[in-house]
Amino acid sequence: MFSTLLMLVGTVLATSASAASGCRVGYAVPSQWPGGFTANVTVTNLGDPLTGWSLKWTFAAGQRVTQPWNAIVSTTGAETTATNVSWNGAVATNASVSFGFNGSWTGSNPVPASFTLNGIACTGATPTPTPTPTPTPTPTPTPTPTSSPGPADAKAIVAAMQPGWNLGNTLDAIPDETSWGNPLTSPELLHKVRSEGYRSIRIPITWSNHQGSAPDYPIDAAWLARVKQVVDMGLTENLYVLINLHHDSWQWINTYPADPTTVMTRYRALWTQIGTAFRDYPAKLVFESINEPQFTGTADDAAGDRVTDVLNTEFVHLIRGTGGGNATRLLVLPTLHTSTDQARLDALNATFTALKDPNLAATVHFYGYWPFSVNIAGGYRYDATAQADLAATFDRVKASFVDKGIPVVIGEWALLSWDHTRPGIIETGEFLKFIEDVGYHARTAGVTTMVWDAGQFLNRTTLTWRDQVVFDMMKAGWTTRSGTASSDQVYLPHTGTITARSLTLNLNGTSFTGLYQNGTALTAGRDYTVSGATLTLTAAALTRLAGNRGYGVDATIEARFSAGVPWPINIISSDPPAQSAATGTTGSLIIPTRFNGDQLQTMQAVYADGTPAGPANWTPYKAFWDNFVPSYSADTITLTSAFFAEVNDGTVTLTFQYWSGATTKYKITKSGSTVTGVVAG
């Protein structure tokens, strides 16, 4: 449903006692549904320039504003007030400012009958002040037209975007915003993100399901309006906002090699519409051409580089051609696959050289050393190999772009398998070490990082961090280093004698200042000693901390350093895990496993001749969760259908490794779809 458009002309509070000015207000309701509606409001300043504004009105039927954007809206009694936000308070003569909101209604939804702007009622005319006579009128020079403001320094803009956060699995979800389990984006969510210290958000957007057919490929108006709402929410929070084409990359853009004409026509139509819709938005809105470009039918990655260049180049020309703020808006260009391989970086560098556009930035993604990122092939620790991979990646990016004056956005970073719905794949302490290293190398390289969060970090329902320690390490990494240790776990026997335990400190340029429990300092010499980088907890301290020595975590202490966040150390009591026989099918085999306070680290699978069994047959270490899934509440380990899909008939010996250092061996026998398992000697 659509309401009529109400246009009012009136007087605005003048900037001096003798000045007078006027305004025009447009109020439209483009959509309405039972109990709710969306309104768009445009205020045109017909008089002296404004440095701030406050528009007031009364709803005749008791409607209420529930969700504003581009304005701060409050209600006192029956009166509603919309006030400018930080970036849209200045309104020049004959310029307009717009805001909008979602509202609620019952019974009827009439448009407001009148408005006041800066305390003066709109009366329907622009008054002319009584002139002060002057002997000779002084002519006013014709102003020199200026283009919409844009980033004067792309490097400064990208630096100001640090740190960044991804609104993942939301507007990029298929087909709609909530399809992948996240709630509708709210101003409260983005306020939470801003209040936690983030300075930019990346809004991945999949347009495929909201775009019409050839030849115009129109964007669905309701979808574009929703995108604008979310963008406006971010800008209202004074965040830099980056939008892109997201899963379009593999839904249709990837077919470019086979059908370049169709893909390019659709691509042009899409970015032309997006560019036109947002061309008058402030410079804090940033465009990214394509997420993780990928192509089918190319002979090799070099051919993919060439297609990426064609699309990136077309994107820049299209957006610049839409004018307004887009003439100088910061545009972000990816490598093929957003890869950090040197050849991919070199190819994008050539694109920058050819374009000669000062307002561009490069983007790549970083999910760490792949075996560690998914816990396969023995990659259960953030070891020297994973550390070297991280350092080399940031060094390449710095040398390829930053050192040449091209700013870089790490548009996504995290570990692929860190997910609250699949606990245990990545051990927390190992993840904390990775996070600390990302923060350090990002600062050293001078790049902006945008963490990928599809709901695994920030709980969008409660607006709380799922793991506060993880977020604290991320936040510390924006400005400083933190000390870590070889582990965040100390395992003790459930019964019997407790002996001293040692950890290796990774000082990372800090100094160790002490151990604490619940804010109380432990005593050096009596409770612990430090020799070089070795921290040793005494038997007496561990006995006290273990208490009644129940299975699992008995106590948590923290190591503190001269900078950064404390390092948590869990004191855990356990017995060796025990397993028993099982019968199942290739659909799944559930192995009874008494964990006894321990936790699973990884699983190896080999045939009788010692060769690797199961998927990824180049390594005996199988993929955690994909091939085997522990349940500590049920005391089971499940071998999945994905594991058995690549296991030959016969026997396979499984070795389960646990974080205490314990192991169990288990033998399974597969015959067709039947599987049996017994404890191996």
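FYI, in mature numbering (1 follows the signal peptide of the UniProt record, and there is no 0) the residues of the sequence shown are -19 to -1, 1 to 662. Beta carbons are placed, not taken as given, at the ideal position from N, Cα and C, and that holds for glycine. Values in this document were obtained by computation on a predicted structure and should not be read as measured data.
Annotation for Thr480: Ala520 place their beta carbon closer than 6 Å to its own, counting only its chain and skipping 5 residues before and after.
Under the three-state reduction of DSSP, Ala643 is assigned to coil, being neither helix nor strand. DSSP places Glu295 in the uninterrupted alpha helix (DSSP H) bounded by Asp282 to Gly302. Residue pairing of Tyr350 in beta bridges, as defined by DSSP: absent, with no partner found. Per the C-alpha coordinates, the member of Asp418, Phe452, Arg424 and Thr344 positioned closest to Asp434 is Phe452.
Remark: three or more beta-carbon pairs, one from each stretch, lie closer than 8 Å, so the region 18 to 31 and the region 58 to 77 are flagged as touching. In the DSSP annotation of this structure, the continuous segment of the beta strand (DSSP E) that includes Gly495 starts and ends at Phe493 to Gln498.
For a cut-off of 8 Å, the C-beta gap from Phe493 to Ala540 is around 7 Å, short enough to register as a contact.
With a threshold of 16 other beta carbon atoms within 10 Å, Val345 meets it and is buried.
Here the alpha carbon of Leu488 sits roughly 8 Å from the alpha carbon of Ala514. Between Lys603 and Ala586 the beta-carbon gap is near 6 Å, inside 8 Å, which marks them as a contact. Checking the DSSP bridge columns, you'll see Pro601 has no partner listed.
Residue burial annotation: Pro404 is exposed, with fewer than 16 other C-beta atoms found within 10 angstroms of its C-beta. With a beta-carbon spacing of about 6 Å, Arg310 and Ala264 fall inside the 8 Å limit used to define contacts. Rounded to the nearest angstrom, the Cβ distance from Ile572 to Thr617 is 6 Å, consistent with a contact under 8 Å. Counting only runs that start and end inside the region 467 to 527, the alpha helix (DSSP H) elements of at least 4 residues fall at 520 to 527. For Arg507, the number of other beta carbons within 10 angstroms of its own is below 16, and it is reported as exposed. One alpha carbon belongs to Thr366, the other to Val288, and they sit about 33 Å apart. For Trp38 and Ala502, the gap between their C-alpha atoms comes out near 59 Å. Distance from the CA of Asn529 to the CA of Gly500, rounded to the nearest whole angstrom, comes to 22 Å. Around the beta carbon of Pro199, fewer than 16 other beta carbons lie within 10 angstroms, which makes this residue exposed. Note that the region 631 to 640 touches the region 587 to 601; at least 3 beta-carbon pairs, one per stretch, sit closer than 8 Å. Of all C-beta pairs linking the region 441 to 449 to the region 467 to 477, fewer than three are shorter than 8 Å, placing the two stretches out of contact.
The alpha helix (DSSP H) runs of length 4 or more contained entirely in the region 604 to 642 are, from start to end of the chain, 622 to 625. In the DSSP assignment, Ser381 falls within the unbroken alpha helix (DSSP H) covering Ala365 to Ser381.
Assignment of beta-bridge partners to Ile357 by DSSP yields no partner.
With distances taken between CA atoms, Ser194 lies nearest to Leu251 out of Leu251, Ser167 and Ala141. The beta carbon of Phe412 sits closer than 8 Å to those of Tyr363, Leu396, Trp399 and Val451, all from its chain and outside the five residues before and after it, given in chain order. Per DSSP, reduced to three states, the secondary structure at Glu269 is strand. Proximity to Lys651 across Trp640, Ser641, Tyr639 and Phe624 peaks at Phe624, based on C-alpha coordinates.
Within the region 301 to 337, the runs of beta strand (DSSP E) at least 3 residues long that lie entirely inside it are, in chain order, 312 to 315. Excluding five sequence positions before and after Gln560, the CB atoms of its chain that fall closer than 7 Å to its own CB belong to Ile572, Pro573, Thr574, Thr645, Tyr647 and Val660, given in chain order.
Thr567 sits close to Ser654, with the two beta carbons spaced by under 7 Å. With 16 or more neighbouring CB atoms inside 10 Å of its own CB, Val46 falls in the buried class. Thr23 is bridged by DSSP to Gly7 and Ser79. Here Gly162 is exposed: its Cβ has fewer than 16 other Cβ atoms, across all protein chains shown, within 10 Å.
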